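**Student:** My questions will all concern the structure given below.
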Amino acid sequence: MIYFNNAATSYPKPEGTAAAMGQCLALPPSNLYREDVTQKSVITVCREKIAGLFHFSDPSRVIFCSGSTEALNMAINGLVRPGSRVVTTTREHNAVLRPLSYLCLAGGVHVDTVRCPPPGILDGRRFENALTRETGLAVVNHISNVTGAEADIGAIYSLCEARGIPLIVDASQSAGAIAVDFSSMPLAALAFTGHKALLGPKGVGGLIVGRELDLRIWKSGGTGIRSDLELMPDAWPIKYEAGTLNEPGIAGLAHSLDGILARGLSSIGKQKIDLTRHLVEELEKFDGVTVYSERPERNSSGIVCFNIDHWPAADIGYVLKDAFDIRVRTGLHCAPLMHRELGTFPEGAIRVSFSAANHHGEVDTFLQALKTITGQT
Amino acid sequence: MLETRVVEECLDGVVIREVLFDGRIGATFIKSLEKLGTLEYFPHFPKPFFRVRKSGKYIIKGVEGNETCQIFYIDSSEEIQQLIYRTFQTV
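Taken in order, these protein sequences are the chains called A and B. Using the working numbering, read the first sequence as starting at 1 and increasing by one per residue. Using the working numbering, read the second sequence as starting at 1001 and increasing by one per residue.
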C-alpha cells in the first residue's frame, strides 16, 4: 500500500512509538500532579519536548488535550470577548470556522473573514485592513491543509501585537513540518495536533499559550488534586486540563518527537520539497491536470492538491484506493472556504500529502497509476 | 445484496450508500448495470473499475472482485433507491 494522506494522519509511525504506548499502558497508573519529584512522568517530559520544539520557555503553558480541534475550541472560547469582532481567513479548517459560526449564532460576536486568493495567500495588507478597533481576536492557519501555502505568521503577529489583539495560530499542519519559533509571541496561542507531521498517535494534541495571555476556563472538572475547591485550581497547566489526559498517546508522541528532533525539521522539509517538486513537475506534463497547491520550493509540508479533467476527485480517490492500493484524500478537506477560493467547491480536489517515510519510487508508481486511469502514456 | 450503509464523505449535498453483496462483483453483473445508465468499464486497471452514470440521479461505482460498490445519490428519493436495488437483485 502507498500512503499519501499524511496531512490527515501520518502513517507509518516511527519505529518504537507503538512500543512506547504499550509500555505506558503496562505501568501502574500515576497521578501527574502528585508526581514523584525524583522521576518525571512521561507527560511532563513530553510537555518539555513540545516547548523545546516551539522554542517556548515555559512548559507549564503547554496544555494537552485531544488534538487541534479541542485546542482551538479552548483558545477561541477562552479568548473571545462578547460584543467583539474576530478576524479570520478563508484558509481555515472547520476546526476554526465552526466554533466561530456557533459564536455568531449565539450572538454578540461578528466574524470578519479575510480573502486568501489561490494558492491561499494571506496578504498582510488585506489582513491589516480587516483589523478594527472592535477586533478582539484573530485566528490564522499557519499552513493550509489544502494547498500547503504558508502564512507569514511573524508579520501577522506583529500587526496584531501592535493593536493588542490576541492571535491564535492553527499549527495543525506546520507542527513537525517547519520550524516555528514561539519565543517572541507573548500575545499568541498556538494549537497543535500529534497525529500529523509530529508522527504521534491520534487523540493527542495541545495548546501553547503565550505568557501574557490568560484563557477563560472552557472545560472544567476533576483534576485529582485540590478537590476541596469549587472551581479549577489556579495553576498552569492543570486549570486547563480537567479530566484524564491520554497518557499512552502522550507517551507515543514523546517518542515520535525524539525522532523528529534527531533528524531535524530542515532535513524532513527538504525531503518533502523534493517529493513535491518531482510530483508537480510530472503532473504538469499531463493533459487536463490543474494543480492548485503552493509551488514546490515553498511547500515544506508536502501537500499537493490537483484535479483531472473528466474525472471527479471522488472517483480518482476511489479508484486509487480500490484498484491501485494508493491512499490519498479527496473532497473538501474540511476547508470549504479554501475550496471556494480555488474554484473547486463543492466537489473538492485530490490531495496528496507526503511524510518523510515516502520516496520517489512511490511517486513514480502513483504517476503511473494516474497515467493508466487517464489513458495517458 | 446483503445490506447497505451510509458513507460519510466530504461532499456537499450528496447521499452516499455502500452496498454489500453476498459474493464478489463479476463481469456479468457489471455488464447488466447498463440498464441503469451509461456504463464505463476500465478492464485494464489492476482491478477493473466500473462507473454507471444517470444524469441528475445517481452514480454507481465499484471494482470487479470486490464485495461492495458505492452509490452516489444526487436524487435520493425512495423511487430511485428501489429502482437500483431491484436491478441489483435481478442479476
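All C-beta atoms, glycine included, are put in the ideal place defined by N, C-alpha and C. If you're wondering where the values come from, they're calculated on a predicted model, not measured in any experiment.
Mind listing which residues of the segment 1042-1053 of chain B have their C-beta closer than 8 Å to chain A's C-betas, in chain order?
**Tutor:** F1042, H1044, F1045, P1046, K1047, P1048, F1049, R1051
**Student:** In its own chain, which residues sit with a C-beta less than 7 Å from the C-beta of K49 of chain A, not counting the 5 before and 5 after it?
**Tutor:** A254, L257
**Student:** Would you please verify whether the beta carbon of V1007 of chain B is less than 8 Å from any beta carbon of chain A?
**Tutor:** Chain A, which has no Cβ nearer than 8 Å to the Cβ of V1007 of chain B, makes this no.
**Student:** From L97 of chain A to R340 of chain A, what does the alpha carbon distance come to, in whole angstroms?
**Tutor:** Taken atom to atom, the span from the alpha-carbon of L97 of chain A to that of R340 of chain A is near 14 Å.
**Student:** Check the C-beta distance from P249 of chain A over to G206 of chain A and give it rounded, since I have them as a contact under 8 Å.
**Tutor:** First, the amino acid is wrong: residue 249 of chain A is Gly here, not Pro. Not really, about 11 Å apart at Cβ, beyond 8 Å.
**Student:** DSSP on Y292 of chain A, reduced to helix/strand/coil?
**Tutor:** coil
**Student:** Secondary structure at Y1058 of chain B, three-state DSSP: helix, strand or coil?
**Tutor:** Annotated three-state conformation of Y1058 of chain B is strand, per DSSP.
**Student:** Less than 7 Å between C-beta atoms, sequence neighbours within five positions excluded: which residues of the same chain meet that for N307 of chain A?
**Tutor:** T290, A313, T344, A349, I350
**Student:** For S57 of chain A, count the other beta carbons within 10 Å of its own beta carbon; 16 or more makes it buried, fewer makes it exposed. Which is it?
**Tutor:** With fewer than 16 neighbouring CB atoms inside 10 Å of its own CB, S57 of chain A falls in the exposed class.
**Student:** Looking only at its own chain, which residues have a Cβ that is under 6 Å from the Cβ of D181 of chain A, when we skip the five neighbours before and after it?
**Tutor:** H55
**Student:** With distances taken between CB atoms, is the gap from K1061 of chain B to F1045 of chain B smaller than 8 Å?
**Tutor:** In this structure, K1061 of chain B lies away from F1045 of chain B, with their beta-carbon atoms at least 8 Å apart.
**Student:** Between V319 of chain A and chain B, is the shortest Cβ-Cβ distance under 8 Å, so that the two count as touching?
**Tutor:** yes
**Student:** Is F366 of chain A close to chain C? Criterion is C-beta to C-beta, closer than 8 Å.
**Tutor:** Among the chains of the structure shown, chain C does not appear; the protein chains present are A and B.
**Student:** Grab me the residues of V1007 of chain B's own chain with a C-beta within less than 6 Å of its C-beta, minus the 5 sequence neighbours each way, in chain order.
**Tutor:** I1016, E1018
**Student:** Quick one: Cα of I1030 of chain B to Cα of G375 of chain A, how far?
**Tutor:** 21 Å
**Student:** Taking the alpha-carbon positions, what's the E379 of chain A to I217 of chain A distance?
**Tutor:** Residue coverage of chain A in this structure runs from 1 to 377, which leaves residue 379 of chain A outside it and unanswerable.
**Student:** A138 of chain A bridges to which residues according to DSSP?
**Tutor:** The partner list for A138 of chain A (beta bridge, DSSP) reads A:V87, A:L167.
**Student:** If the criterion is Cβ atoms closer than 8 Å, does the pair L137 of chain A and I156 of chain A meet it?
**Tutor:** no
**Student:** Would you please verify whether the beta carbon of A7 of chain A is less than 8 Å from any beta carbon of chain B?
**Tutor:** No Cβ of chain B is located within less than 8 Å of the beta carbon of A7 of chain A.
**Student:** Beta-carbon of V1063 of chain B versus every beta-carbon of chain A: anything under 8 Å?
**Tutor:** Contact with chain A is found for V1063 of chain B, since one of that chain's Cβ atoms lies less than 8 Å from the residue's Cβ.
**Student:** Does the separation of the CB atoms of V169 of chain A and H142 of chain A fall below 8 Å?
**Tutor:** In this structure, H142 of chain A lies closer than 8 Å to V169 of chain A by Cβ.
**Student:** Could you check whether the Cβ of Q1070 of chain B sits closer than 8 Å to any Cβ belonging to chain A?
**Tutor:** By this cut-off, Q1070 of chain B is an interface position.
**Student:** Check whether the Cβ atoms of L198 of chain A and A75 of chain A sit closer than 8 Å, and answer yes or no.
**Tutor:** no
**Student:** Please classify A19 of chain A: is it buried, with 16 or more other beta-carbons within 10 angstroms of its beta-carbon, or exposed?
**Tutor:** exposed
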